[in-house]
Structures are given as C-alpha cells and as structure tokens.
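Take the sequence shown: its letters are residues 33 to 217, numbered as in the numbering used here.
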Amino acid sequence: MKMNKEFTFENLKKSYQKAIDLGYEIITCENYYYRKKSLKGKKIIVNRIDIDIYFNRTDQLLSVFNELGIKGTFFIRLHAHEYNPFSFESFRIVKNLINSGNEIGYHSEIIDQSHIWNESAETSLLRDIKVFNAMYDYKIKGVASHGGFTGYNNLDFWKNKNIKDYGLLYEAYDEKPGFDLFKNS
C-alpha cells in the first residue's frame with residue numbers, strides 16, 4: 033500500500049482509521065500502565081502526544097480523536113515560551129481534552145527549571161503538578177521528561193527516584209518493569 037507522506041489532519045485520520053481497521057486498540061499511557069500484563073500479544077497503539085510548540089493545533093487533533101472514538105495522552109509543558117497552558121484559549125482546549133476522556137500528563141522541564149531558577153528540581157516538580165491539578169481540577173498521573181535545547185537532561189531527576197513517591201503512576205521513558213513502554217513497543 034502506498035502511503036501519502038504529506039502531513040495533514042485528514043491523512044492522520046486515515047492512518048488512525050487504518051490501524052483501527054487492522055484490529056489495533058488505541059489506548060492512553062494510563063491504560064497501558066493498568067493493563068500492561070493483559071495486553072501481551074494484542075495489537076495496541078499507546079497514543080502519546082507531546083504538545084511541544086503548537087498548542088492551538090490540539091483542537092484539530094481532538095476533533096480527529098472524537099470522530100474516531102479514540103483517546104490519547106497529551107503531555108503539556110508548563111513553561112514553554114511557545115505557548116501558555118493557562119491562557120484563555122489553552123484553558124478551553126485542555127478542558128475539552130479532559131471532558132473528552134483523554135489523559136493529560138506533565139511534560140516536565142524540572143532540571144532546566146532547577147538550573148534557571150536556582151531551586152531544586154523536586155520543588156519545581158511538586159509545584160508544577162499542584163498548580164496544574166488545581167487549575168484544571170484534574171490529577172496528573174504521568175510525566176514525560178521534555179528534551180530541550182538547554183543541554184540538561186530532564187530524565188536525570190528520575191535516576192534514583194521512585195515515581196510513586198511523587199503521587200504519580202509513571203514516567204513515560206521509565207525502563208523499569210512497572211512501565212517500560214518503549215522496550216515493550
């Protein structure tokens with residue numbers, strides 16, 4: 033089958049529909065966490081979306097998801113200079129994501145923050161999650177460490193930490209057996 037390599041939301045919709053037609057179940061990261069053992073041998077797509085730059089395009093993606101009846105995990109940065117997750121428009125988009133049954137995760141930059149603001153990464157993590165949860169009346173369950181241009185690795189924070197100690201289920205890049213999504217993909 034010849035695939036159209038041009039990105040459009042319509043082409044993306046066709047790709048998702050093709051996966052559904054082939055018998056794939058499209059799930060969130062949280063679904064994967066809870067169902068990992070029962071998913072062995074099944075056709076699944078863990079639908080992870082990192083909102084790195086263009087927050088306003090999330091509406092179009094949500095429209096595709098709603099049309100197809102699928103969900104995803106949207107990882108949101110709180111300190112991106114490209115967008116403000118608490119602006120009027122972004123707030124509306126996030127509430128629509130939540131109300132449509134999608135999972136929201138924190139796209140963390142806590143090592144960057146600790147160097148820039150001269151505070152601990154742990155303080156940044158706990159504050160950011162608390163602020164997001166309060167703003168959206170939501171409980172973040174997962175974190176995906178963002179890779180930026182600072183040269184710092186935000187994953188370094190988790191080297192000797194247990195994600196559960198922070199009230200979270202998973203770090204998206206975690207290689208420990210509890211999550212280990214990428215090694216099992």
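Quick reminder that beta carbons are idealized off the backbone N, C-alpha and C, glycines included. Here the structure is a predicted model, which is why all the values come from computation and not from measurement.
Whole angstroms are fine: how far does the CA of residue j sit from the CA of residue i?
| i | j | result |
| --- | --- | --- |
| H111 | Y138 | 11 angstroms |
| Y205 | F120 | 31 angstroms |
| K171 | I143 | 22 angstroms |
| C61 | S122 | 22 angstroms |
| Y115 | I108 | 10 angstroms |
| D188 | H147 | 13 angstroms |
| G199 | N150 | 24 angstroms |
| F39 | M167 | 33 angstroms |
| D91 | K196 | 32 angstroms |
| E207 | Y48 | 27 angstroms |
| M33 | I76 | In this prediction, M33 has a pLDDT of 49, which is less than 50 and means its spatial position is unreliable; what the coordinates show is noted afterwards. Looking at the two C-alpha atoms, the distance is approximately 21 angstroms. |
Looking at the unbroken alpha helix (DSSP H) that takes in residue i, where does it start and where does it end?
| i | result |
| --- | --- |
| E62 | 61-67 |
| I125 | 120-131 |
| F97 | 90-100 |
Exposed or buried, what is residue i when buried is set at 16 or more other beta-carbons lying within 10 Å of its beta-carbon?
| i | result |
| --- | --- |
| V126 | buried |
| Y66 | exposed |
| W190 | buried |
| Y202 | buried |
| S156 | buried |
| S152 | exposed |
| Y86 | exposed |
| F118 | exposed |
| L44 | exposed |
Looking at the unbroken beta strand (DSSP E) that takes in residue i, where does it start and where does it end?
| i | result |
| --- | --- |
| Y138 | 135-140 |
| T155 | It is not in any beta strand (DSSP E) - T155 instead sits in the alpha helix (DSSP H) that spans 153-168. |
| D206 | Element bounds for D206: n/a, residue is neither H nor E. |
Since residue i and residue j are thought to touch, with beta carbons under 8 angstroms apart, how far apart are those beta carbons, to the nearest angstrom?
| i | j | result |
| --- | --- | --- |
| N165 | S177 | Contact doesn't hold; Cβ gap of about 19 angstroms is too wide. |
| K103 | N79 | 7 angstroms |
| F106 | N134 | 6 angstroms |
| S140 | V163 | Not confirmed; about 13 angstroms, so no contact. |
| A51 | I59 | Not quite, the Cβ-Cβ distance comes to about 12 angstroms (not below 8 angstroms), so this is no contact. |
Who are the near neighbours of residue i in its chain, counting only those whose CB is closer than 7 angstroms to its CB and skipping five residues on each side?
| i | result |
| --- | --- |
| I161 | Y138, I172 |
CB-CB under 6 angstroms to residue i, same chain, minus the five flanking residues each way: which ones, in chain order?
| i | result |
| --- | --- |
| Q145 | S156 |
Considering only residues of the same chain and omitting the five flanking positions on each side of residue i, which have a CB-CB separation below 8 angstroms?
| i | result |
| --- | --- |
| E84 | Just to set this straight, residue 84 is Asp in the shown sequence, not Glu. Cβ neighbours of D84 beyond the five flanking positions: R109, A112, E114, H139, H178. |
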